[in-house]
Amino acid sequence: MSNRAPGFATHPNHAISLRPNTRLVRVSLYGQPVAESRHGLVLRESGYPDVHYLPRDDIDMNRLAASDHTTYCPFKGTASYWTISVSNGEAANAAWSYDAPFDDVADLKGHVAFYADRVDVEITDAG
341 MSNRAPGFAT HPNHAISLRP NTRLVRVSLY GQPVAESRHG LVLRESGYPD
391 VHYLPRDDID MNRLAASDHT TYCPFKGTAS YWTISVSNGE AANAAWSYDA
441 PFDDVADLKG HVAFYADRVD VEITDAG
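And the structure:
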């Protein structure tokens with residue numbers, strides 16, 4: 341059974357692509373590390389800036405607490421959100437993922453993205 345994104349039926353020119361990213365992505369909050377990865381994915385979507393999704397294995401999931409907040413995207417599916425907490429404070433609903441993404445973006449499963457205006461995201465070629 342297909343789990344294709346319904347958004348493409350009404351918006352056939354909308355484009356989404358995923359590609360592996362080997363650049364170093366570091367995520368921190370109030371100077372405290374939350375994630376670091378060279379094994380992420382970059383999602384490019386029409387009309388939006390690139391979004392870096394990091395594998396959960398490269399995230400300190402102890403700093404993330406699931407929230408009740410969800411959103412729906414007709415191209416990706418239903419997103420679940422987390423609040424990030426560190427000793428200096430927290431950022432509500434600052435991370436999200438698609439636990440059951442549509443087939444078109446199935447590789448997003450097991451990856452988490454972060455709002456760059458709520459946490460510090462540093463992307464470099466250096467290790």
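Position 25, counted from 1, in the sequence shown is what my numbering calls 365; the numbers after and before it change by one each time, with no gaps. In this text, a Cβ means the ideal position worked out from N, Cα and C, and glycines have one as well. Quantities reported herein were computed from a predicted structural model and do not represent experimental measurements.
M401 and A435 have their C-alpha atoms roughly 11 Å apart. Residue pairing by DSSP places V445 opposite no residue, since no beta bridge is assigned to it.
DSSP places R403 within a helical segment (H, G or I) once states are collapsed to three. Segment contact: the segment 402-409 against the segment 387-394, fewer than three CB-CB distances shorter than 8 Å; contact not assigned.
Boundaries around G347 are those of the alpha helix (DSSP H), 347-350, since no beta strand (DSSP E) includes it. Considering only D447, F415, D397, A453, the residue with the shortest C-alpha distance to T423 is A453.
A direct Cα-to-Cα measurement between H351 and P414 gives close to 10 Å.
Annotated three-state conformation of R396 is helix, per DSSP. The DSSP assignment places 417-426, 429-437, 451-454 as complete runs of the beta strand (DSSP E) inside the segment 407-457, in order along the chain (cut-off: 3 residues).
Taking the Cα positions, V426 is about 16 Å away from E376.
Bounds of any beta strand (DSSP E) do not take in R363, whose DSSP letter is neither H nor E. A375 sits in a strand when the DSSP states are folded into three classes. Distance from the CA of V445 to the CA of S420, rounded to the nearest whole angstrom, comes to 16 Å.
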